[in-house]
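Just so you know, this note's numbering puts the end of the sequence shown at 166, numbered straight through with nothing missing.
Virtual Cβ for every residue (Gly too), placed ideally from N, Cα, C.
Shown next, in structure tokens, is the structure this report addresses.
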Amino acid sequence: MPPYKKYLILSIIFNILSAILTLFSFAVIIPILEMLFKVKEQVYTFMPAGSGSLKDVAINNFYYYTQEIISYYGAGAALAALAGLLVVMTALKTGVTYLAMYVVVPMRNGIVRDIRNTMFNKMVSLPMGFFTSERKGDIMARMSGDVAEIENS
Numbered sequence: 014m015p016p017y018k019k020y021l022i023l024s025i026i027f028n029i030l031s032a033i034l035t036l037f038s039f040a041v042i043i044p045i046l047e048m049l050f051k052v053k054e055q056v057y058t059f060m061p062a063g064s065g066s067l068k069d070v071a072i073n074n075f076y077y078y079t080q081e082i083i084s085y086y087g088a089g090a091a092l093a094a095l096a097g098l099l100v101v102m103t104a105l106k107t108g109v110t111y112l113a114m115y116v117v118v119p120m121r122n123g124i125v126r127d128i129r130n131t132m133f134n135k136m137v138s139l140p141m142g143f144f145t146s147e148r149k150g151d152i153m154a155r156m157s158g159d160v161a162e163i164e165n166s
């Protein structure tokens, strides 16, 4: 197994989760605004999972449950519940984004360390004649510049 494969896989998973949670946290804002400004007065009914596309079923059932909360507890409670859901979704998104960055750091630092070690081993294995024909400062500047370019990309 390549040395940084698990970090790469975890980073991809956390970044995908972060993107999904970002979409859902923005989607929670829409019913809040619609309730505040009374944009829609439509009646929704529960849709079983196989009765339409996944997106349509999820949106319809979300609005259905929002209507149920409004009818049982009132609009204020529904707004409070949606605001709480928005806070939870945003906290989850932020946590997953942090985990994605947390997983990338060891991978990034390890790759740079491996490149530096490889360059050092190459420099040590070069014959002495190489160092008499080349300027030492030029070699060091090129090596450190190349590693810094890779590190910052």
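Nearest neighbour of residue i, chosen from the options [CA to CA]
i: residue 101; options: 22, 25, 37 and 24; result: 37
i: residue 126; options: 94, 160 and 23; result: 160
i: residue 110; options: 34, 20 and 15; result: 34
i: residue 19; options: 82, 62 and 118; result: 118
i: residue 135; options: 99, 26 and 156; result: 156
i: residue 128; options: 94, 45, 106 and 163; result: 163
i: residue 30; options: 108, 57 and 144; result: 108
i: residue 26; options: 77, 85, 73 and 116; result: 116
Beta-carbon proximity of residue i to residue j, cut-off 8 angstroms
i: residue 17; j: residue 141; result: no
i: residue 45; j: residue 88; result: no
i: residue 79; j: residue 91; result: yes
i: residue 52; j: residue 98; result: no
i: residue 59; j: residue 76; result: no
i: residue 57; j: residue 73; result: yes
Euclidean distance between Cα positions of residue i and residue j
i: residue 114; j: residue 22; result: 13 angstroms
i: residue 24; j: residue 112; result: 8 angstroms
i: residue 105; j: residue 94; result: 16 angstroms
i: residue 149; j: residue 139; result: 13 angstroms
i: residue 28; j: residue 137; result: 40 angstroms
i: residue 132; j: residue 152; result: 11 angstroms
i: residue 47; j: residue 68; result: 19 angstroms
i: residue 62; j: residue 82; result: 21 angstroms
i: residue 123; j: residue 54; result: 56 angstroms
i: residue 66; j: residue 43; result: 20 angstroms
i: residue 64; j: residue 103; result: 30 angstroms
i: residue 144; j: residue 154; result: 14 angstroms
i: residue 39; j: residue 165; result: 32 angstroms
i: residue 15; j: residue 146; result: 38 angstroms
At what residue ranges does the region 116-153 contain a whole run of the beta strand (DSSP E), taking only runs of 3 or more?
The region 116-153 is shown to contain no whole beta strand (DSSP E) run of 3 or more residues.
Quick one: which unbroken alpha helix (DSSP H) runs of 4-plus residues sit fully inside the region 50-101? Chain order, please.
Every alpha helix (DSSP H) stretch that sits fully inside the region 50-101 and reaches 4 residues is listed by chain position as 67-86.
Alpha helix (DSSP H) runs contained entirely in the region 17-49, provided each spans 4 or more residues
The DSSP assignment places no complete alpha helix (DSSP H) segment of no fewer than 4 residues inside the region 17-49.
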